[in-house]
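*Asks:* Encoded as structure tokens, here's the structure I'll be asking about.
There are 2 protein chains.
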Amino acid sequence: MKRVRSIKTGTAETSGGGTQSIERAVGLLLEVGRADQHGARLTDLVTSSGLAKPTARRVLGALVRAGLLDQDEASRRYHLGAESYVLGMLAARRFGIHARAIDGLTRLSQTTGDTAFLSVRRDLHIVCLHREEGPFPIRSHVLQAGDRHPLGIGAGSLAVLAALPDDEVERAIAANTAIILEKYPAYSAGLLQSAVTRTRKDGYALNPGLLMKGSWGIGVAVRDPQGRPVYAISLAAIEDRLDEVRRRELIPMLKREAEKLEHLLRDAPA
Amino acid sequence: MKRVRSIKTGTAETSGGGTQSIERAVGLLLEVGRADQHGARLTDLVTSSGLAKPTARRVLGALVRAGLLDQDEASRRYHLGAESYVLGMLAARRFGIHARAIDGLTRLSQTTGDTAFLSVRRDLHIVCLHREEGPFPIRSHVLQAGDRHPLGIGAGSLAVLAALPDDEVERAIAANTAIILEKYPAYSAGLLQSAVTRTRKDGYALNPGLLMKGSWGIGVAVRDPQGRPVYAISLAAIEDRLDEVRRRELIPMLKREAEKLEHLLRDAPA
DNA sequence: GTTTATGGTCCATTATATGGACCACTCCTC
DNA sequence: GAGGAGTGGTCCATATAATGGACCATAAAC
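Protein sequence lines correspond, in order, to chains A and B. The first sequence lines up with residues 513 to 782 when you count with the numbering used here. The second sequence lines up with residues 513 to 782 when you count with the numbering used here.
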């Protein structure tokens, strides 16, 4: 009995065997989720997923019938459906920061004026769950709810990466190297390594406009009761608003909110 | 070949064709969601879904790889995964009562002492999304988050049913008759009809212990901006605490919270 | 009236999921 | 400690169910 349990690397195509339509379905589901604001169009989903059109439509149809997706009668666009919402609310019992975390983001964005984010770690990536805009008029829209980036890319993501043990940092960077090379020209494996070191020294993560020039971010990790980083709280603003002086003001606020969440996670053990 | 389709899912049997594994996957997903508190065991999922064991395991495996489910290394039980949570948070932008609604439930349960529920309509069924317990020491555990009942079964569910136009009431009762006969001995199509009439007259729904003797409930519907009932807010308590006198106190409070939600739904059009 | 987008559908082909039978392990009981 | 009964997990020959190239429909643009 050899059966090597492949702890799959970044691109998760090596199926355990015998269920490709489910993989395709989940892929499409997440794709639609990412585009949910305005809805996802069939053609776009076809190209972004690489599936044949009839296949994509068949799968989408099944998801609509199952209630995980809705299709707008008029525009024919796909949106997340009621069942997805129900599922998420049930899952929130286990992952459940939700309501409380968003309160914290609102506090942060109101007192700082900038935009606050809650992200959740998902294997070797990070997914932006919520974006709460502050009153300051110049707002970066680089990070949106639903966006998914490799660990280390962006402030919150870097905070989580740096909070992992060394071997996992290694593994994450190695697994994502190809994607980073292709999609994040300002980044590199070496840069991530030194960014992790610096983040650990500083006690917070800084993204000096590496995703989009001029759009800076700071972030801290939120650890579960076992000490593993699962969420990140971060703030984004233009470079001028994140100089060293102001960062010294903001970081304690971020850390305070992160601690609140950590306490909530301890209290709600499922 | 006569494939005997287990009627488990209630209404979703007329597949458009060519995607049965997705239907199975979603079925299992919801099944796990319902049992998420303690996790779902393979054997139970096999019997409740009617699938063959290898099939169930293959599908569950695919869902785990996709991140929609987690499997506990030690107990081997299945739980909802991070990806389900992410999906739900993204869907919350469209269905988004979430945080705010739970505030309302907390207010209700604290001031009344009883247990408050938020349920969402899902086609011809209702799904309990959240249960907020009040301080009163005798608590009914008849309705749990994740539970799914036909429209009309239970107070919140009846409130939603009664808020639908007549033809849809007809359709819902007709579609659910078989399930009701089988699983809800205290109910019948005729009883539902008169319950709807009474609910409309009274302005609220009453469940006088029909699901479980002694466990009463009252509920009101929450309508979306188009006037269609989508959510229900309800309270559960023992019979003594829901007599006519106390109901006259409680109903206005329920209605006030329902209105708040309706306003929130109007403000967040998406 | 053609062009070029879109969404949607058909159906012969075969790659795909299927499930009966079986194994491995653990915890009982006697 | 042999048998039993409960788990979770796996094989693999079979035929079922998903596949996708080609095609149709509709709407707007030119």
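Even glycine gets a Cβ: it sits at the ideal position worked out from N, Cα and C.
Going by other Cβ atoms of all chains shown within 10 Å of its Cβ, with 16 needed for buried, is residue 693 of chain B buried or exposed?
*Replies:* As a working note, residue 693 of chain B is residue 181 in the second sequence. When all chains shown are included, residue 693 of chain B counts as exposed.
*Asks:* Mind the definition here: the stretch 641-659 of chain A touches the stretch 760-768 of chain A only if three or more C-beta pairs lie below 8 Å; say whether that holds.
*Replies:* No, the stretch 641-659 of chain A is not in contact with the stretch 760-768 of chain A.
*Asks:* Taking 6 Å as the limit between beta carbons, can you name the residues of its chain near residue 652 of chain B, skipping five residues before and five after?
*Replies:* Your numbering for residue 652 of chain B matches position 140 in the second sequence. Cβ within range, chain order: 727 and 748.
*Asks:* Identify the contact partners of residue 575 of chain A in chain B, using a Cβ-Cβ distance below 9 Å as the criterion.
*Replies:* Walking along the first sequence from the start, residue 575 of chain A turns up at place 63. In chain order: 531, 534 and 538.
*Asks:* If you draw a straight line from the alpha carbon of residue 722 of chain A to that of residue 636 of chain B, how long is it in whole angstroms?
*Replies:* Start at 1 with the first residue of the first sequence, and residue 722 of chain A comes out as number 210. Start at 1 with the first residue of the second sequence, and residue 636 of chain B comes out as number 124. So the alpha carbons of these two residues sit roughly 49 Å apart.
*Asks:* Enumerate in chain order the residues of its own chain whose CB-to-CB distance from residue 712 of chain B is below 7 Å, with the five nearest sequence positions on each side excluded.
*Replies:* Along the second sequence, one-based indexing puts residue 712 of chain B at 200. For residue 712 of chain B, where only same-chain residues beyond five positions count, the Cβ hits under 7 Å are 674.
*Asks:* Report yes or no: do the stretch 616-635 of chain A and the stretch 611-626 of chain B share at least 3 C-beta pairs separated by less than 8 Å?
*Replies:* At 8 Å Cβ cutoff, the stretches do not touch.
*Asks:* Decide if residue 585 of chain A is buried, meaning its Cβ has at least 16 other Cβ atoms within 10 Å, or exposed.
*Replies:* As a working note, residue 585 of chain A is residue 73 in the first sequence. Residue 585 of chain A is exposed by the Cβ-count criterion.
*Asks:* Under three-state DSSP, which class holds residue 738 of chain A?
*Replies:* By 1-based counting over the first sequence, the position of residue 738 of chain A is 226. Residue 738 of chain A falls in the coil class under three-state DSSP.
*Asks:* Going by the DSSP bridge assignment, what does residue 583 of chain B pair with across the sheet?
*Replies:* For the purposes of this step, residue 583 of chain B is taken as the residue at position 71 of the second sequence. Partner(s): B:590.
*Asks:* Let me make sure I understand the geometry here. Which of B:709, B:706, B:707 and B:663 has the alpha-carbon closest to that of residue 688 of chain B?
*Replies:* Here residue 688 of chain B refers to the residue found at position 176 when the second sequence is read from its first residue. Of the listed residues, the one whose Cα sits closest to residue 688 of chain B is B:663.
*Asks:* Would you mind working out which of A:575, A:547 and A:773 sits nearest residue 739 of chain A, comparing C-alpha positions?
*Replies:* Taking the first sequence and counting its residues from 1, one reaches residue 739 of chain A at position 227. Closest option to residue 739 of chain A, Cα to Cα, is A:773.
*Asks:* Are the C-beta atoms of residue 591 of chain B and some chain A residue less than 8 Å apart?
*Replies:* Here residue 591 of chain B refers to the residue found at position 79 when the second sequence is read from its first residue. By this cut-off, residue 591 of chain B is an interface position.
*Asks:* Are the beta-carbon atoms of residue 537 of chain A and residue 537 of chain B separated by less than 8 Å?
*Replies:* The residue you call residue 537 of chain A lines up with position 25 of the first sequence. The residue you call residue 537 of chain B lines up with position 25 of the second sequence. Yes, they are a contact pair.
*Asks:* Using the Cα positions of residue 598 of chain A and residue 735 of chain A, report the straight-line distance between them to the nearest angstrom.
*Replies:* Position 86 of the first sequence, counting from 1, holds the residue named residue 598 of chain A. Position 223 of the first sequence, counting from 1, holds the residue named residue 735 of chain A. Computed Cα separation, rounded: 26 Å.
*Asks:* Contact criterion: CB-CB distance below 8 Å. Does residue 632 of chain A meet it with respect to chain B?
*Replies:* Stepping through the first sequence from its first residue, residue 632 of chain A is reached at position 120. Residue 632 of chain A counts as touching chain B.
*Asks:* Please decide whether residue 607 of chain A counts as near chain B, where near means a Cβ-Cβ distance under 8 Å.
*Replies:* Within the first sequence, numbered from 1, the residue matching residue 607 of chain A stands at position 95. True, the Cβ-Cβ gap to chain B drops below 8 Å.
*Asks:* Quick check on the burial criterion: 16 or more other C-beta atoms within 10 angstroms. Buried or exposed for residue 657 of chain A?
*Replies:* Counting from 1 along the first sequence, the entry for residue 657 of chain A is found at position 145. Under this definition residue 657 of chain A is a buried residue.
*Asks:* If you measure beta-carbon to beta-carbon, which residues of the stretch 660-679 of chain B are closer than 8 Å to chain A?
*Replies:* Those would be none; no residue qualifies.
*Asks:* Give the straight-line distance between the Cα atoms of residue 621 of chain A and residue 709 of chain A, rounded to the nearest whole angstrom.
*Replies:* On the first sequence, residue 621 of chain A is found 109 positions in, with the first residue counted as 1. On the first sequence, residue 709 of chain A is found 197 positions in, with the first residue counted as 1. So the two alpha carbons sit approximately 28 Å from each other.
*Asks:* Looking at residue 655 of chain A: is its Cβ nearer than 8 Å to the Cβ of residue 646 of chain A?
*Replies:* Counting from 1 along the first sequence, the entry for residue 655 of chain A is found at position 143. Counting from 1 along the first sequence, the entry for residue 646 of chain A is found at position 134. Cβ distance not < 8 Å, so residue 655 of chain A and residue 646 of chain A don't count as in contact.
*Asks:* Check whether chain B comes within 8 Å of residue 570 of chain A, counting only Cβ atoms and requiring the distance to be less than that.
*Replies:* The residue labelled residue 570 of chain A in the question sits at position 58 within the first sequence. Interface residue, yes.
*Asks:* Going by DSSP in three states, residue 572 of chain A sits in which element: helix, strand or coil?
*Replies:* Translated into the one-based positions of the first sequence, residue 572 of chain A becomes position 60. It is helical.
*Asks:* Name, in chain order, the residues that DSSP records as bridge partners for residue 624 of chain A.
*Replies:* Within the first sequence, numbered from 1, the residue matching residue 624 of chain A stands at position 112. In the DSSP output, where bridge partners are listed per residue, residue 624 of chain A has none listed.
*Asks:* Kindly indicate which residue of B:650, B:704 and B:542 has the alpha-carbon position closest to the one of residue 580 of chain A.
*Replies:* Translated into positions along the first sequence, residue 580 of chain A becomes position 68. Residue 580 of chain A has its Cα closest to that of B:542, out of B:650, B:704 and B:542.
*Asks:* So, with DSSP's three-state summary, where would you put residue 706 of chain B?
*Replies:* Within the second sequence, the letter at position 194 stands for residue 706 of chain B. Looking at residue 706 of chain B - three-state DSSP - the assignment turns out to be helix.
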